[in-house]
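Residue numbers (this note's numbering): 124 to 823.
Everything on this sheet refers to the single structure shown next.
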């Protein structure tokens, strides 16, 4: 058993009685289904059924095709990027979570190239503990290739060119995967989100290969394909993410079921599966999304992932002539408007909470900015608002736009006329300059820690701030780095001291119960907010440290003088007895710092040239600088999932007894007059950078 009894106890406490009962039912169903497992190489049961597949209809055609003429709308740059990626796949070049997979042209579907382990293949899926790296290797690395995003890239390349090399490679790999992964055998049957995402890929592979002579033989006339489509939909209908786990996983499961039932209505149950999946998708999107459009997981990357999945489901239902409800369209439009409003002047999104760069569908260059791709999709399906930053069209946006149907014909009313800067229900607020000077962008965190009882992808970051100038991280959110395999790094990146806020007595605001579980949670409350005018102000508080001292409270006020380009953060802590406190300011990896007592001089190279700022720190604390520390872990930044680089963290240590007021100011007035020159930018290109450390988990 890879997890302790105490973990199970903590996990059980996060469940409602109804969820406990449902999970007991799931366990009973697993025991009953165990006898249905098909071993690799065995002949699946079927008997006299059509093509040996239970419930399959005798007449099958694929009709969910891309409208004629769509190909001509793809921009040349997007086309060439996809073709370059497809050629790379054929040559064995593909990254899985940042780790090269030279076997991508002929994959071992169970290999973890980093740990060297091979996940179970010939074992009942319900007996595989995918959280135990000693059993599976790094499970995310193993799972990722079987989402088949590289196959959708190859299929897109065939659609663009008609070059049969791409289609033949897809055909060979799908047949390989189907043969190696029969029903309920091995690691690829252990997580519903993987099955759901895989179904989306298969739908788009078939759609993009329509017109290739071998497409019917690969799908509708192939008993192996029909069995897999049935098995995947049966599994997802029976085993759904529930209760405290019904986050983005449930959305992905529902989108996979809906996509397959709409595009492949070849089974007696297809109508029922479609209706059930549509209802599940609509309810799970509502449950996972605040009315403002912000995702409830309090994790920016999952906001993008869920919005992306929702758009795929919306378009798939439209293409099938079974559109989703108007409320779901409004909710997705709100999510897209929120996404467009959150980005800074360079198009970079916030870095709040967990992020593993998960994708619902990849039909463009896989290294293309996924946030820009989402906004391109949204612009094609629901239309952009006039204040959206322009984003170029992509292969994906052209394809989704061509299938959108009623999503375009019935525009959503009541969308904002200007970019929102506050999403009160999510506790998400932006202080930002609006003139032509290098933009100051400041995100303030004053909301719930995360979604549901587990708050699984939320961090212990109440009242933290994230500050950028001209898109450069100055006071940075360090990111995520990893999920499994390195518990000390997982704990650090989601801890309070890893965020720009205050830690008390060496403990995080919330108590960690596991890598995706908080035993206690800290929800912040916004007290005042005025984001209009030249001076913008925000204040909030939390009482997450009540377990240490019932009177302990942290109040924070943030003030941005947009004309004077001065950001002020005022922290007030109150208590009934003495406590040790640490205030951390995490600088971005591109920021150089000279610390002299309570004054830090910052400098960096950005899009507008050389930038400088002065950070005045509270004199009540003793200040030290940390960079790339491992004992303890401190001074790190994760640019992408699975990567970490050293970055400077300034830590102020002191004591609290009754009341402590700390004032920090970030003076950015000098950045007003910086001039961008080609010579200056060119001079920085040859500079040295701290090497990237790539985690075994890789990056997404």
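Even for Gly, the Cβ is constructed at its ideal location relative to N, Cα and C.
Please classify residue i as buried or exposed, where buried requires at least 16 other C-beta atoms within 10 Å of its C-beta.
{"i": "residue 598", "result": "buried"}
{"i": "residue 154", "result": "exposed"}
{"i": "residue 224", "result": "buried"}
{"i": "residue 533", "result": "exposed"}
{"i": "residue 510", "result": "exposed"}
{"i": "residue 611", "result": "exposed"}
{"i": "residue 699", "result": "exposed"}
{"i": "residue 215", "result": "exposed"}
{"i": "residue 236", "result": "buried"}
{"i": "residue 719", "result": "exposed"}
{"i": "residue 541", "result": "exposed"}
{"i": "residue 140", "result": "exposed"}
{"i": "residue 184", "result": "exposed"}
{"i": "residue 754", "result": "exposed"}
{"i": "residue 250", "result": "exposed"}
{"i": "residue 340", "result": "exposed"}
With H, G and I counted as helix, E and B as strand and the rest as coil, what does DSSP make of residue i?
{"i": "residue 726", "result": "strand"}
{"i": "residue 347", "result": "helix"}
{"i": "residue 402", "result": "helix"}
{"i": "residue 567", "result": "strand"}
{"i": "residue 652", "result": "strand"}
{"i": "residue 572", "result": "coil"}
{"i": "residue 294", "result": "helix"}
{"i": "residue 287", "result": "helix"}
{"i": "residue 161", "result": "coil"}
{"i": "residue 639", "result": "coil"}
{"i": "residue 370", "result": "coil"}
{"i": "residue 387", "result": "coil"}
{"i": "residue 356", "result": "helix"}
{"i": "residue 299", "result": "helix"}
{"i": "residue 313", "result": "coil"}
Taking residue i as the reference, give the member of the options with the closest Cα.
{"i": "residue 651", "options": "173, 547 and 757", "result": "547"}
{"i": "residue 218", "options": "469, 273 and 409", "result": "273"}
{"i": "residue 561", "options": "736, 285, 787 and 187", "result": "736"}
{"i": "residue 87", "options": "173, 756, 792 and 728", "result": "There is simply no residue 87 to check, as the chain begins at 124 and stops at 823 in what is shown."}
{"i": "residue 774", "options": "252, 742 and 301", "result": "742"}
{"i": "residue 626", "options": "322, 671, 661 and 202", "result": "671"}
{"i": "residue 667", "options": "714, 619, 640 and 660", "result": "619"}
{"i": "residue 468", "options": "730, 506 and 699", "result": "730"}
{"i": "residue 787", "options": "704, 744, 756 and 460", "result": "744"}
{"i": "residue 461", "options": "426, 483, 449 and 436", "result": "426"}
{"i": "residue 680", "options": "716, 748, 702 and 586", "result": "586"}
{"i": "residue 389", "options": "180, 169, 615 and 396", "result": "180"}
{"i": "residue 316", "options": "250, 686 and 267", "result": "267"}
{"i": "residue 445", "options": "402, 478 and 420", "result": "402"}
{"i": "residue 449", "options": "459, 442, 777 and 437", "result": "437"}
{"i": "residue 245", "options": "321, 301 and 309", "result": "309"}
{"i": "residue 776", "options": "326, 740 and 304", "result": "740"}
{"i": "residue 178", "options": "354, 242, 678 and 157", "result": "354"}
{"i": "residue 595", "options": "395, 714, 369 and 196", "result": "714"}
{"i": "residue 669", "options": "525, 161 and 631", "result": "631"}
{"i": "residue 410", "options": "371, 439 and 442", "result": "371"}
{"i": "residue 705", "options": "660, 629, 793 and 725", "result": "629"}
{"i": "residue 675", "options": "684, 702 and 663", "result": "702"}
{"i": "residue 772", "options": "785, 697 and 738", "result": "738"}
{"i": "residue 375", "options": "535, 417, 428 and 421", "result": "428"}
Who are the Cβ neighbours of residue i in its own chain at under 6 Å, not counting the five residues just before and after it?
{"i": "residue 712", "result": "760, 768 and 770"}
{"i": "residue 520", "result": "499, 500 and 503"}
{"i": "residue 373", "result": "364 and 407"}
{"i": "residue 109", "result": "Since the displayed the chain opens at 124 and closes at 823, residue 109 lies outside it and no answer follows."}
{"i": "residue 582", "result": "476 and 617"}
{"i": "residue 423", "result": "472, 473 and 475"}
{"i": "residue 312", "result": "248"}
{"i": "residue 644", "result": "572, 578 and 633"}
Return the chain-ordered list of same chain residues with a C-beta closer than 8 Å to the C-beta of residue i, the five sequence neighbours on each side being excluded.
{"i": "residue 824", "result": "Here the chain covers residues 124 to 823 and nothing more, so residue 824 does not appear."}
{"i": "residue 607", "result": "254, 256, 261, 262, 263, 613, 638 and 820"}
{"i": "residue 205", "result": "276, 279, 280, 283, 486, 487, 488 and 518"}
{"i": "residue 435", "result": "323, 378, 382, 483, 484 and 523"}
Here's a check: name, in chain order, each residue in its chain whose Cβ is nearer than 7 Å to the Cβ of residue i, leaving out the five neighbours to either side.
{"i": "residue 399", "result": "360"}
{"i": "residue 198", "result": "515 and 516"}
Unbroken stretches of the beta strand (DSSP E), 3 residues or longer, contained in the stretch 709-764
715-719, 722-729, 732-739 and 745-750, all fully within the stretch 709-764.
I'd like the ranges of any alpha helix (DSSP H) spanning at least 4 consecutive residues and lying wholly in the stretch 172-217.
199-213
Please give the ranges of any beta strand (DSSP E) in the stretch 484-565, keeping only runs that are unbroken, at least 3 residues long and fully inside the region.
Segments of the beta strand (DSSP E) lying fully in the stretch 484-565: 551-555.
Quick check on the DSSP output: what are the complete alpha helix (DSSP H) runs of length 4 or more inside the stretch 234-272, in order along the chain?
256-259 and 262-268
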